[in-house]
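If you read the sequence shown in our numbering, its first letter stands for residue 442, the second for the next number, and so on.
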Amino acid sequence: MQITHFGHSCVLVEIDGTRILFDPGNFSHGFEGVTGLDAILITHQHPDHCDVERLPDLVAANPDAVRYADPQTAAQLNGDDVAGPWTTANAGSHAQIGAVTARFTGGRHAVIHPEIPVIDNVAYVLDTKSMTGRFMHPGDSFYIPFEKIDVLALPSAAPWMKLSESVDYLRAMSPRIAVPIHQAILSDAGTGIHYGRLSDMKAPSTELVVPEKESATEV
């Protein structure tokens, strides 16, 4: 499996000949030129995960890609006719995308503040013929699926979390590989501090892999 990180929560996963792009948001760069996608998956409606200004061009460049989003985002994108149609990714359902089965789970965004309404957030788990739980993107959540996940996209910094919570989530999930995402709110120095703490405090069985920017990394 190859992972390309376009910054923040946008990652391209290439596995068994299938290319899936997650969360093309407005803090991410470089995904605009990606072609040959089999799917575009969006976890939730926040603009750092779903850039409605750049979605039309991305979809136009990938007309055969299936498009899934959480219920609220799918309704919003379809209602506003933003590069539609979008299929609702309801928690508990799944879809076959090329050689990969994408399972939709989770359902709710992490709490930012009690006065801010909680929105939909779908976590995506990718299965292959040889392995269930090959990859997981939790979006803005610390959702635990209570199954072994091989490669985890790990939220590393956000208004809804503390670094200690990311450490605890990493330990609870205990993946073989953790790829830190959701770092755009950090300075370069802050990113180093967060990644260093995650690396120091992870379980020994987990490897923290930080891909080079916009370069495919084998995991």
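Every residue gets a Cβ at the ideal spot worked out from N, C-alpha and C, and that includes glycine. Owing to the predicted nature of the structure, the values given are computational and were not obtained by experimental measurement.
Asked, Found
"At least 3 beta-carbon pairs within less than 8 Å: the region 636–647 vs the region 459–471", "no"
"Within 7 Å, strictly: CB atoms of Ala625 and Asp581", "no"
"CA-to-CA distance, Val452 to Pro586, given in whole angstroms", "20 Å"
"Residue of Thr529, Thr569 and Ala515 minimising C-alpha distance to Val493", "Ala515"
"Residues near Ile553 by beta carbon distance below 6 Å, same chain, minus five either side", "Pro600 and Trp601"
"Nearest neighbour of Thr546, chosen from Ala564, Thr529 and Glu556 [CA to CA]", "Ala564"
"Unbroken alpha helix (DSSP H) run spanning Pro497, endpoints", "Leu496 to Ala502"
"Nearest-angstrom Cα separation, counted from Arg544 out to Ser571", "16 Å"
"Gly539 versus His635, Leu639 and Ile456, residue with shortest Cα-Cα distance", "Ile456"
"Contacts around Ala613, its chain only, beta-carbon distance under 7 Å, and the 5 residues preceding and following it disregarded", "Ile585"
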